[in-house]
Structures are given as structure tokens and as C-alpha cells.
Amino acid sequence: MPRVVPCCLVLSLDALFSPVCSRDVPCCLVMSLDASCCPLMPRVVSLCLVPDYPPPVFQFSDVCVRLAGPHQLQPKPDTSALQFGKHFTDHMLKIHFYENMGGWQRPEIVPMESIVLHPAAKVLHYAVELFEGMKAYRGTDGRIRIFRPELNMARMNLSAVRAGLPTFDGDQLIRCLSRLITVDQEWVPHSESSSLYIRPTLIGIDPALGVASCNSAMLFAILCPVGAYFDSKSSAISLLADPNHTRAWPGGCGDRKMGSNYAPTIHIQAEAAKRGLQQVLWLYGEDDLLTEVGTMNIFMVCLNDQGERELVTPPLDGLILPGITRQSILELAQAWGNIKITERNIPMKEVIFLEKHKRLLELFGTGTACVVSPISSITYKDLVIQVPSIEQEDALHAKLLKTLTDIQYGRIQHPWAVAIDDYDK
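With mature numbering (1 follows the signal peptide of the UniProt record, and there is no 0) as the guide, the letters of the sequence shown map in order to residues -22 to -1, 1 to 403.
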């Protein structure tokens, strides 16, 4: 039950956080006063309700929505010319965590705004942060769906544990995200080639130097309408495979979606672009094992020694991200039952051998942003390995892409695609 403080003055302060702050006044100072000592105080004794500390987990039922004013609304971009991550919707979700105030605070949906951080905030110095990538799709029936969000929540919590950041109830965050999408639903493209990208992010905001777990954090989510991830001028992508650079290693955090995994890849990606190549194929170890393609998982379709078509992808051994699209592809292929499926290491020498003997049929990358992207070539040392991915008559990557997008846009009814109005209740 809330505590009652008689005869009090509540002063609104933008920069002060207090554990006795009213939930109706985001930042306030509560001071007990004797009404007789202040001529400005009314003679009628007022009551200020001061809530107890919040529960250790945030609740969707507590979400507070503050809508953007007319002057804050942004013009919506032309969906035929959307660039990934360039345009953002009118609102965002924010949820603070303060250990000395009982943990997670009340979720807020507010107009899109800049985030103010102390210069010593740990996220700025030690990359104490993580994020997820999801999408909302406007279906053929007009309903807006999200794809397997519970898997994103599970992965996000695993990343939080590794980063020393607070975990949360995934179902509650899905519901908060669904409410955010509902508020900005006009931004979800009316197009089956576009979608609304969802970026939940968790950062450590302790205003103190020193590598240590955070006592305060901020979870926020922003939305942006997106089109195709890669330039539509090319139907397949070319790769640079440089064995002198690696993305992840055993015991590291290559299987977690942390910003620290991505910054070191930017320079090598720029080198690939200078050579006219679109992405980097990340290798590992003395055998130059295939791990990931840019920010995507990788799959290979080949003819094995028994003459069978085989779908091969690297195992979840800590070096690669456990992709939601990756898992979905494995489950779909298993259900179809017309191809052998193997999770194992793929050395570059095997790719070269298969290509030389005309047994390399397809290579493709998978992920939330691109869904399924066929690969046309790999530049490796002094070799250019040609991959006939898009030349196959019954290409597996094309069938997978169609099936996944049919599910996402509601052309196929499937439990993986959940309408947001089922969550926003």
C-alpha cells in the first residue's frame, strides 16, 4: 500500500530522481512541511500518495503512454524508397532500472526523443549494451504480426546475463512492444516487400568509470519502416573471405547480440566494399571454418558423398548467433523431410572441393533484416569461388524465403506469426 505523507509540497524537478517519487509525477521532490509555517500552503491539509518501491519486474499493465504533439509528428517516407534504419516513427518505449529504487520502473511510451547520458555512463566506455532485431508485418488481411518474438526475448535475456545487465519478463516486453507498434501502426508499410523494424536495446547507464556490473540501466525500443536490406540491383551477394580477420572465438560472446561484436567488423566491411563486394564471410581457426556472413547465419546446399542433397549450417558452438531465422529454416526443412540436414563445421577447403566437382549447389545467408539472401561468389585469397545459388531450378533458398514471408505476412496461417492485438490487451 502507498504511504500517506500529510502536509507536503511536491516540486517538479526535471533532473532529480527520488525513490519517493509519485508515479504520476516522473521526477519530483517530496518535502514534509508544517502548513502553519508557510503562508503559501493552503489551510486545507493535502495528502501526497507516495508509492512503495516498484516490483522487481516491469508490468505491461503499468505502461504509461504520452502521445506526440502535432509539432513532433514526422512525415512518413515513400515506401518504395526505404533505406534500412534511416527513418524512425513518432514514439519510443523507455523502461528504466534502478537497483536502489527496487529494480524495474514503470514502462513509458513517449514521443521519439534524444537520450541524455552522463559522460561517464558505462555504455559509453565499456560497451555495456545489447540489442535485438525484430519486425512487424502488415498482412494481406490488414492485421499486423510479429514473428516468433519469444525467441528474441530469450536471446536478449541471455545477452543481458553476459553483459551484467538486469533481465526481465519477456512476455511483458512483447506486450509493451505491441502497444508501441499499435500507437505507431500507421508507420507499418502497406506493402508485402516492406516491414517495420523493431530495435529493443538495453544499456548500462551507471555514471561511474570502472568495469563492473551496472546498478542502473535503460531498456528502450525504437521502430523504423524498412524495405529490402540489400540493393535490389543484385539478386545475390558477393563475399570477401579474409582469413586474417575473425569475428568470434571460443569463450567469447559471438553468440550474443552485443554492440561490441559489431564495431570491429566495420573496417573489414569497408574493405570488402572497396573491392566491389557486398559482405564479409567470417572465418575461424586454422581450417578457415565458415561462421557468419556479415550479420547473418550461413547455410550451404550441396551433394554429399552419397549423392544426396544436404543442407549444412555451422553448429551453435559459441561462435555464431543463434538466429531466429536460422532455427525456423532448420525446423521447416526438417518438417518437409526431402533433404538431409546437418549442423557441423564447414572448412573453406570443403567449399572449394565441392565447387570444383560441381557439387556446391547453394550458399545463402539468413537473418531478420534480410530473411534469406543467396550468395553468388566468395573471394578467398587468390580464388574467386562461383556459387550457382540462383541458377538452381528448384532452389531451396527461394522456397524457404517464400514460405517464411508467407507466414510473416499472413498468407499462411501459422503459430509463428502472432497478431499484435493478441498481445496488446
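Glycine included, each C-beta is placed from N, C-alpha and C at the ideal position.
Tell me which same chain residues have a C-beta within less than 6 Å of the C-beta of T179, skipping the five on either side of it? F109 and F198
Enumerate in chain order the residues of its own chain whose CB-to-CB distance from Y401 is below 7 Å, with the five nearest sequence positions on each side excluded. I152, R153 and S156
Consult DSSP for H65 and reduce its assignment to one of helix, strand or coil. coil
Nonlocal neighbours in the same chain, by C-beta distance under 8 Å from P325, ignoring five residues either side: D265, D266, L267 and L268
Name the two residues that bound the continuous beta strand (DSSP E) containing I181. S173 to G182
Please report the distance separating the alpha-carbon of L136 from that of R234. 7 Å
Inter-residue Cα distance where the pair is A190 and R322: 36 Å
Would you call the CB atoms of G117 and R126 closer than 8 Å? no
Would you tell me roughly how many angstroms separate the C-alpha atoms of S194 and I181, rounded to the nearest one? 9 Å
Would you call L45 buried or exposed, if buried means 16 or more other Cβ atoms sit within 10 Å of its Cβ? exposed
Hey, could you find the ends of the beta strand (DSSP E) S216 is sitting in? I215 to A219
What did DSSP end up calling N239 once you bin it into helix, strand or coil? helix
Three Cβ pairs or more, each shorter than 8 Å: is that satisfied between the segment 363 to 381 and the segment 86 to 105? no
Can you give the Cα-Cα distance for H49 and D162, rounded to whole angstroms? 16 Å
Within the continuous beta strand (DSSP E) that includes F342, where are the two ends? L338 to G345
Around the C-beta of A251, are 16 or more other C-beta atoms found within 10 angstroms, so that it is buried, or is it exposed? exposed
Terminal residues of the continuous beta strand (DSSP E) containing Y115? M112 to R116
Indicate whether at least one CB of chain D lies closer than 8 Å to the CB of M112. Within the model displayed, chain D is absent; a lone protein chain is all it includes.
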